[in-house]
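For the record, in the sequence shown the residue sitting at position 120 is 121 according to our numbering, with numbers rising by one throughout.
Cβ atoms here follow ideal geometry from the backbone N, Cα and C, with glycine treated the same way.
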Amino acid sequence: MKGKKGALVALASIPLIMTLGNSMLLPILPQISKELGISAFKVSMIITVYGLIAIVMIPIAGYLSDRFGRKKVILPSLVIAAAGGAVCVVAAWFMEGTGAYWVILGGRFLQGIGAAGAFPIVLPFVGDLFKDETEVSKGLGVIETSNTFGKVLSPILGAYLGTLLWYAPFIAIPILCLISFLLVVFLVKKPQAEEELPRKGMKEFLSGIKEILHEKGRWLYAIFAIGGICMFVTFGVLFYLSETLESKYNLHGASKGFVLAIPLALLCLASYGSGKIIGQNKTLMKWLGFGGMVLLTVAMFITGFNKGIYFMVSLLSVSGIGIGVALPCMDALITEGIEKENRGTITSLYSSMRFIGVALGPPLVSVLMPRGHWVLFGTMAGIGAVGGLLTLFAVKPSKGENDEEKQEKAEKSKRIPMMRQRAR
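Here it is, written out as structure tokens:
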């Protein structure tokens, strides 16, 4: 990892900034609702539309990154995300009411396109930068930690900026994207491995992806679903907490942001620790991931029995630890289990599922909230249990061990001719 720390810092800035650009809005959604005179469901669409377009665009960005290079996709994507933020600022500054709302949705749509070509490409890029699987796992742990640190910082920063000006978080988006753009330009060099990859035609490329999904689909689909479940619970819970703290406990501004940051801070620490521990041990990745999903499910189930704020925040923090433990394990399994020439597309499909979770969390929670506290958290627990079962029965890390056996056989086959030549 020596000599590549600058590149890793630059790449880690992308999920941090993309997360801030989205999650900073969560604590000010009730404020946006009042300013524009729109319903809770409509305001939740400001988060959802960002995720929905990203879901569609991420696989395209993954293919382009495999064909033309990671950096050539990331840089224009950061510019597009900045432009989307600028559109939101113009709408909020010069317009009002539902007119401003629809233009803000358009800006968020554009921002989602940019996000699709930025954060999801970081995962395969880290896989390209490092040859050793232990370094890849550590690098992915840093990326996931940066992502979760963005979630920790975002409610505090978003709530604080909201006290200055309700659309100030929108103003921050272009500035943050510019910072990340400059870091990538000057600190990230194209890995040699990327130069050696053959450029396949679309037909050949799609055939290769189809073959991978046919051979490894069972565990890949499971990891896709687990990533989506983790993001669904994270953003659903954040939306619920944001609404509850403001409407029921009259918490606003930085105070509200700090409360929202508690479960996210523990999620961040758990991600960092998980990335450090797993190394290249794929069996450990599976069982840590399973343990994380069990922790999430149990915490959601128990939360359903008590509405007390201290009790609820404590248990939501436990669920954050579970998610923080599981995500780096899933990242590492999927990144290290796919060949480099197809890594961008496969990891982008995984990122699409994560964005589906981001998109579905707030609106589904807004629908479930009037139906009762137990219905909401019972649903969350059931979805978490599905993730746990998928980790237990569908994720099969033993296939990674077979790859190592193949390498050993290849090395032995190279030694045989050399031994024969010596014998002569």
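Return the CA-CA distance between residue i and residue j, expressed in angstroms with no decimal places.
i: A84; j: I61; result: 20 Å
i: P364; j: H374; result: 16 Å
i: E216; j: I339; result: 11 Å
i: G108; j: L334; result: 34 Å
i: I384; j: T298; result: 8 Å
i: I48; j: L27; result: 8 Å
i: N23; j: R219; result: 31 Å
i: F356; j: L21; result: 15 Å
i: L239; j: D129; result: 33 Å
i: K43; j: E134; result: 44 Å
i: S320; j: G362; result: 15 Å
i: L377; j: F302; result: 10 Å
i: L246; j: I210; result: 45 Å
i: D67; j: T348; result: 11 Å
i: L179; j: R372; result: 43 Å
i: W103; j: F131; result: 43 Å
i: M381; j: V234; result: 7 Å
i: K397; j: H253; result: 46 Å
i: Q281; j: K139; result: 9 Å
i: M294; j: A55; result: 25 Å
i: M370; j: G305; result: 12 Å
i: S90; j: K308; result: First, the residue type needs correcting, since residue 90 is Val and not Ser in the sequence shown. Distance between the alpha carbons of V90 and K308 is about 37 Å.
i: T164; j: I172; result: 14 Å
i: Y250; j: K72; result: 46 Å
i: I176; j: A360; result: 24 Å
Give the single residue among the options whose Cα lies nearest to the Cα of residue i.
i: S275; options: D133, T146, L177; result: T146
i: I157; options: L179, L265, V396, K6; result: L265
i: L328; options: V314, G388, T346; result: G388
i: L154; options: S349, L17, I279; result: L17
i: F394; options: A300, L221, K277; result: L221
i: G7; options: Y311, F187, M286, G280; result: F187
i: T284; options: T392, E212, A262, G142; result: T392
i: P77; options: G98, G52, G118; result: G118
i: N343; options: F69, G163, L53; result: F69
i: I174; options: A82, M331, F306, C330; result: A82
i: L124; options: A386, L369, S352, M370; result: S352
i: G38; options: G292, M96, M370; result: M96
i: L65; options: I56, S34, A116, I122; result: I122
i: S248; options: M19, L30, K5, M25; result: L30
i: L162; options: E244, V189, M25; result: M25
i: A300; options: E337, I322, I310; result: I322
The ligand NAD heavy atoms versus the CB of residue i: any closer than 8 Å?
i: G293; result: With respect to the ligand NAD, the structure offers nothing, as it holds no ligand at all.
With DSSP run on the structure shown, which of helix, strand or coil describes residue i?
i: V326; result: helix
i: E340; result: coil
i: S34; result: helix
i: V396; result: coil
i: N403; result: A caution first: N403 carries a pLDDT of 42, below 50, which makes its placement in the model unreliable, though a value can still be read off. DSSP places N403 in helix when its eight states are reduced to three.
i: A11; result: helix
i: K132; result: coil
i: S40; result: coil
i: E464; result: With the chain represented from 2 up to 425, any question about residue 464 goes unanswered, as that position is not in the structure.
i: E247; result: helix
i: L270; result: helix
i: Q112; result: helix
i: Q51; result: For the record, residue 51 in the displayed sequence is Tyr; it is not Gln. Helix at Y51.
i: E145; result: helix
i: W103; result: helix
i: V387; result: helix
i: F306; result: coil
i: Y222; result: helix
i: V368; result: helix
i: N282; result: coil
i: K190; result: coil
i: W167; result: coil
i: K5; result: coil
i: G292; result: helix
i: M301; result: helix
i: M25; result: coil
Grab me the residues of residue i's own chain with a C-beta within less than 7 Å of its C-beta, minus the 5 sequence neighbours each way, in chain order.
i: G100; result: none
i: G229; result: M354, R355, I357, G358
i: I224; result: M331, L334, I335, Y351, V396
i: Y273; result: G142, T146
In its own chain, which residues sit with a C-beta less than 8 Å from the C-beta of residue i, not counting the 5 before and 5 after it?
i: L184; result: V10, A11, S14
i: L268; result: T149, K152, V153, T235, G321, I322, I324, G325
Output needed for residue i: all residues of its chain with C-beta closer than 6 Å, excluding positions within five of it in sequence on either side, in chain order.
i: S367; result: A41, F42, S45
i: W167; result: Q32, E36
i: V50; result: L106, R109, F110
i: K400; result: In this prediction, K400 has a pLDDT of 46, which is less than 50 and means its spatial position is unreliable; what the coordinates show is noted afterwards. None.
Is the region 85 to 94 touching the region 106 to 123 in the sense that three or more CB pairs, one from each, lie closer than 8 Å?
-> Yes, they touch.
Taking contact to mean at least 3 C-beta pairs separated by less than 8 Å, is the region 287 to 295 in contact with the region 248 to 265?
-> With a cut-off of 8 Å on Cβ pairs, the region 287 to 295 is not in contact with the region 248 to 265, counting fewer than three such pairs.
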